[in-house]
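In this note's numbering, the protein residues as written are 443 to 645.
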């Protein structure tokens, strides 16, 4: 079952309160000539995706006011405090409500600024030519995001709660999954120390 012209929607997960950052709003940290979230949106919109949904939660109105793109749809997760799973469910609900049919969803985080267009397109290409229902990122033998999940997983994604996100789905997929090497692009910015390291790495 290959999908030569797969229709992939993309959901950016950006609803967390970034507690490990202290009072700093992680999504609004400067990255190049934009913010961490602005960078994620720009990368997403340049990839071979059908639609982009940005899921906000903590400090949503302030963050929303900084988004200059008119191509992406903003979804507000009112239950963001319950964890990443609810943000995924919110993003899938937005896809189901406003965007019609798609073959799958690409889930990505707003705090991995080295994830680039080439890597997202590699995932999409992998999904298009594979008979697997999930194409995920390989973290030392464990599957994680960015990842594409076939639309047959949407009912499960809609039921997600808690802070594990789609981890349990990815790690119990068995033969349904293929993992790709991200080539050291999955550096997460969780703390100000991480942010400082990322600035050094980017130069």
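We put the beta carbon where it would ideally sit given N, CA and C, even for glycine.
Query raised in the report: Taking C-beta to C-beta, are residue 479 and residue 518 nearer than 9 Å?
Result: By 1-based counting over the chain shown, the position of residue 479 is 37. By 1-based counting over the chain shown, the position of residue 518 is 76. For residue 479 and residue 518, no; Cβs fall outside 9 Å.
Query raised in the report: Whose C-beta lies closer than 6 Å to the C-beta of residue 511 among residues of the same chain, with five residues either side of it excluded?
Result: Reading the chain shown from its first residue, position 69 is the one you call residue 511. The answer, listed in chain order, is 483.
Query - From 515, 523, 524 and 543, residue whose alpha carbon lies closest to that of residue 533 - result: The residue you call residue 533 lines up with position 91 of the chain shown. Ranking the options by Cα distance to residue 533, first place goes to 515.
Report task. Could you give the DSSP three-state label for residue 452: helix, strand or coil? Result -> Locating residue 452 in the chain shown gives position 10, where the first residue counts as 1. In the structure shown, residue 452 sits in a strand (DSSP, three-state: E or B).
Query raised in the report: Where DSSP assigns a beta bridge to residue 547, which residues make up the other side?
Result: By 1-based counting over the chain shown, the position of residue 547 is 105. Per DSSP, 451 and 591.
**Report entry** Ranges of the alpha helix (DSSP H) found wholly within the region 466-538, counting only runs of at least 4
**Finding:** 478-488 and 502-506
**Report entry** residue 632 versus residue 461: straight-line alpha-carbon distance, rounded
**Finding:** Numbered from 1 along the chain shown, position 190 holds the residue referred to as residue 632. Numbered from 1 along the chain shown, position 19 holds the residue referred to as residue 461. Going from the Cα of residue 632 to the Cα of residue 461 covers about 9 Å.
Query raised in the report: In the structure shown, what three-state DSSP assignment does residue 602 receive?
Result: Counting from 1 along the chain shown, the entry for residue 602 is found at position 160. Here residue 602 sits in coil by DSSP.
Query - Selection from 634, 565 and 591 that minimises the alpha carbon distance to residue 610 - result: The residue labelled residue 610 in the question sits at position 168 within the chain shown. Residue 610 has its Cα closest to that of 591, out of 634, 565 and 591.
Query raised in the report: Can you name the start and end residues of the alpha helix (DSSP H) that residue 563 belongs to?
Result: Along the chain shown, one-based indexing puts residue 563 at 121. 559-571 is the span of the alpha helix (DSSP H), which, as asked, contains residue 563.
Query raised in the report: What is the residue span of the alpha helix (DSSP H) that residue 619 lies within?
Result: On the chain shown, residue 619 is found 177 positions in, with the first residue counted as 1. Here residue 619 belongs to no alpha helix (DSSP H); instead the beta strand (DSSP E) covers 619-622.
Query raised in the report: Can you give the beta carbon distance from residue 578 to residue 530, rounded, assuming they're within the 8 Å contact cut?
Result: Stepping through the chain shown from its first residue, residue 578 is reached at position 136. Stepping through the chain shown from its first residue, residue 530 is reached at position 88. About 14 Å separates the two Cβ atoms, so there is no contact after all.
Query - Proximity below 9 Å, CB of residue 526 to CB of residue 589 - result: What you label residue 526 is simply residue 84 of the chain shown in a count that begins at 1. What you label residue 589 is simply residue 147 of the chain shown in a count that begins at 1. Cβ distance not < 9 Å, so residue 526 and residue 589 don't count as in contact.
Report task. Determine the direct distance from the alpha carbon of residue 572 to that of residue 454, and round the result to whole angstroms. Result -> Here residue 454 refers to the residue found at position 12 when the chain shown is read from its first residue. Here residue 572 refers to the residue found at position 130 when the chain shown is read from its first residue. Answer to the nearest angstrom: the Cα atoms are 23 Å apart.
Report task. Compare the Cα-Cα distances from residue 576 to each of 596, 459 and 582 and report the closest residue. Result -> Counted from its first residue, the chain shown places residue 576 at position 134. Of the candidates 596, 459 and 582, the one whose C-alpha sits nearest the C-alpha of residue 576 is 596.
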